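What follows is a set of notes on a single structure, which appears directly below.
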Amino acid sequence: MNDRRIWKIERQFLLGTLVCAVLLIVGYLSLVSTVWGHQLDDDGLLARKLLNWRIIRLDSDILDLVNEAALLAAAIALLIVATVRRCILVGVISVAGFGSAVIGAEMLKHALPWRALVWKDFLLESWFQRNTYPSGHATIGTSLVLSSLLVSSSRWRPWLAVAGGSVSSTFATGVLFAGWHRPSDAIGALAWSGLCMSVAAACAIRLRGRPKPVTADPARAVFAGLALAIVVVAATWLIAALGPPEYSHGDQPFFMLTALMIVGAFSLIAWYAWQLRAVDWVGPAH
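If you number the sequence shown the way the working numbering does, the last residue is 274 and the count never jumps.
Quick look at the structure:
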C-alpha cells in the first residue's frame, strides 16, 4: 500500500517533468521562433518603460544580489537544512537539481538560436539581439524555491509555497521590469526550473521517500487563498492594461505577459508543494 502511494507521487512528478518540457519547447517555438511571437515579446519588453523608475531600480537591486557567492551560500544552506533534518541524500539531490537548472539555463542560451524577425527587434538593446532563452536569474530564483521545498518539512511546505511563489514571481517579473530579459525568457525559465526540479523530486522520492498520512491541516485553506491571490493579481494587471488612459492598446502585451508570469510562478510552486504534501524523508521505512 505504501509503495503504491510513493509510486503515485513519483509518477506525478514524472508527468510534471513532461509537461514542463513541453511548455519549454512550445514557449521557444511560439515566442522566440515566430513573427507574431516576436511582436508580442517586443511589445511586452518595450512597454516596461511605462513603469515608475523606483520599481525598475528596486528590481535591479534585487537581481544584483545574485552572484557566485550567493549561489554557493544557497547550496550550503540547503545542505545544512538537509543535515539537520537527517536527509542528507535529499539535500544532495536538491543541490544537484538546483545546479543543473542554473548551469543548464546557461547552456540552453547558447544552444537555442535567436534571430531578428520583425522591425522592432532592431529597437532592442544589443544584448537582446542574441540568445537569452531562458533567463538565468529567473531560473535561479524559481529553482532555489523548489529546492527549498524539497528539503523542508512537509508541515511547512504549504506555507513556504506562498512565500516561494512571491519570490519566484519577483524574479520572473523582475528580469523584465529591470530590462534584463524579454518576457519569453522569464516564462521559459519557469518551465525549465520546473523540469529540473521535478526530476530531482522524483529521484528523491524513489530513493528516500516515506509516506506521510494526510491529516487535516491548513494546506487546503492556504492553496484556496493562493488561488484567489492569483486571480486577483492577474485581474489587476489586465484591468490596468485596459483602464488608465496613458496606456495605449500596444502596451497590453506587457500586462498580459506579466500576469502570465505571476500566475505561472505561483501555480508551479503551489503544485510542487502540493505534490509533496504526503511524502517526507524521515520516518519508518515503507
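By construction, the Cβ of each residue, glycine as well, lies at the ideal position given by its N, Cα and C atoms. None of the values given here were measured: they were computed from a predicted structure.
For this session: Take N119 and list the residues in its own chain whose beta-carbon comes closer than 7 Å to its own, dropping the five residues that flank it on each side.
Result: Within the sequence shown, numbered from 1, the residue matching residue 119 stands at position 131. When the five nearest sequence neighbours on each side are left out, the beta carbons in the same chain lying within less than 7 Å of the beta carbon of N119 are those of K97, H98, L100, P101, W102, in order along the chain.
Exercise. To the nearest angstrom, how far is it from the Cα of Q0 to the Cα of Q263?
Worked result: Numbered from its first residue, the sequence shown carries residue 0 at position 12. Numbered from its first residue, the sequence shown carries residue 263 at position 275. When only Cα atoms are considered, Q0 and Q263 end up about 7 Å apart.
Exercise. What residue range is occupied by the uninterrupted alpha helix (DSSP H) comprising H26?
Worked result: In the sequence shown, counting from the first residue as 1, residue 26 sits at position 38. It spans 23 to 34 - the alpha helix (DSSP H) in which H26 sits, taken as one unbroken run.
For this session: Just grab the DSSP bridge partners of D268 for me.
Result: Residue 268 sits at position 280 when you count from the first residue of the sequence shown. DSSP output for D268 lists R198 as bridge partner(s).
Exercise. Mind checking whether V90 and S131 have CB atoms under 8 Å apart?
Worked result: For the purposes of this step, residue 90 is taken as the residue at position 102 of the sequence shown. For the purposes of this step, residue 131 is taken as the residue at position 143 of the sequence shown. Yes, Cβ-Cβ distance for V90 and S131 is below 8 Å.
Problem set entry | Delimiting residues of the alpha helix (DSSP H) encompassing A167 | The count along the sequence shown starts at 1 and reaches residue 167 at position 179. Reading off the sequence, residue 167 comes out as Gly, not Ala. Boundaries cannot be given for G167, as no alpha helix (DSSP H) includes it and DSSP labels it neither H nor E.
Exercise. Around the Cβ of A104, are there at least 16 other Cβ atoms within 10 angstroms (buried) or fewer (exposed)?
Worked result: Indexing the sequence shown from 1 puts residue 104 at position 116. Under this definition A104 is an exposed residue.
Exercise. In chain order, what residues of the same chain lie with their CB nearer than 8 Å to the CB of L12, ignoring the 5 residues before and after it?
Worked result: Within the sequence shown, residue 12 is the residue found at index 24, counting from 1. Contacts found: P122, G176, A179, W180, L183.
Exercise. Between the beta-carbon of S156 and the beta-carbon of V69, is there less than 8 Å?
Worked result: Against the sequence shown, residue 156 aligns to sequence position 168. Against the sequence shown, residue 69 aligns to sequence position 81. Not closer than 8 Å, so no.
Problem set entry | Which of helix, strand or coil DSSP assigns to A229 | What you label residue 229 is simply residue 241 of the sequence shown in a count that begins at 1. Because the pLDDT of A229 is 49, which lies under 50, any placement of that residue in the model is unreliable, and the number read from its coordinates should be weighed accordingly. Under the three-state reduction of DSSP output, A229 falls in the helix class.
Exercise. Taking the alpha-carbon positions, what's the S186 to M95 distance?
Worked result: Here the question's residue 186 lines up with position 198 in the sequence shown. Here the question's residue 95 lines up with position 107 in the sequence shown. Whole-angstrom Cα-Cα distance: 19 Å.
Exercise. By how many angstroms is the C-alpha of V23 removed from the C-alpha of R36?
Worked result: As a first step, residue 36 is located in the sequence shown; it is residue number 48 there, counting from the start. As a first step, residue 23 is located in the sequence shown; it is residue number 35 there, counting from the start. So the two alpha carbons sit approximately 20 Å from each other.
Problem set entry | As assigned by DSSP and simplified to three states, the class of I118 | Counted from its first residue, the sequence shown places residue 118 at position 130. Rather than Ile, the amino acid found at residue 118 in this sequence is Arg. R118 falls in the coil class under three-state DSSP.
Exercise. To which residues of the same chain is E113 closer than 8 Å at the C-beta, ignoring the five residues directly before and after it?
Worked result: The count along the sequence shown starts at 1 and reaches residue 113 at position 125. If the five residues before and after E113 are omitted, its C-beta is found closer than 8 Å to the C-beta atoms of G167, all from its own chain and listed in chain order.
Problem set entry | Unbroken alpha helix (DSSP H) run spanning L96, endpoints | Your numbering for residue 96 matches position 108 in the sequence shown. First-last of the alpha helix (DSSP H) with L96: 76 to 99.
For this session: Pick helix, strand or coil for E113, following the three-state DSSP scheme.
Result: Here the question's residue 113 lines up with position 125 in the sequence shown. If DSSP states are grouped into helix, strand and coil, E113 belongs with coil.
Exercise. Would you call W144 buried or exposed, if buried means 16 or more other Cβ atoms sit within 10 Å of its Cβ?
Worked result: In the sequence shown, residue 144 corresponds to position 156, counting from 1. Burial call: exposed.
Exercise. The alpha helix (DSSP H) with S135 in it runs from where to where?
Worked result: Mapped onto the sequence shown, residue 135 falls at position 147. Bounds of the alpha helix (DSSP H) holding S135 are 124 to 139.
Problem set entry | Three-state secondary structure (DSSP) of L178 | The residue labelled residue 178 in the question sits at position 190 within the sequence shown. The DSSP-derived three-state label of L178 is helix.
Exercise. Assuming A149 and A258 make a contact with CB atoms under 8 Å, what is their CB distance in whole Å?
Worked result: To locate residue 149, count along the sequence shown from 1; it is residue 161. To locate residue 258, count along the sequence shown from 1; it is residue 270. Indeed they touch by this definition, with Cβ atoms about 5 Å apart.
For this session: On a CA-only basis, which of D239, F254, L137 is nearest R73? Give me that one, please.
Result: Within the sequence shown, the letter at position 85 stands for residue 73. Ranking D239, F254, L137 by Cα distance to R73 puts L137 first.
Exercise. Is S142 helix, strand or coil by DSSP?
Worked result: For the purposes of this step, residue 142 is taken as the residue at position 154 of the sequence shown. Reduced to three states, the DSSP call for S142 is coil.
Exercise. In terms of alpha-carbon separation, which member of D31, L17, H169 lies closest to L51?
Worked result: If you number the sequence shown from 1, residue 51 lands on position 63. Answer by Cα proximity: H169.
Exercise. Which two residues bound the contiguous alpha helix (DSSP H) that contains L59?
Worked result: Within the sequence shown, residue 59 is the residue found at index 71, counting from 1. Start and end: 56 to 72.
For this session: Answer yes or no: does any C-beta atom of chain C fall closer than 8 Å to that of T130?
Result: In the structure shown, chain C does not exist; there is a single protein chain.
Exercise. Is DSSP giving V251 helix, strand or coil here?
Worked result: Taking the sequence shown and counting its residues from 1, one reaches residue 251 at position 263. Of the three classes helix, strand and coil, the one that applies to V251 here is helix, per DSSP.
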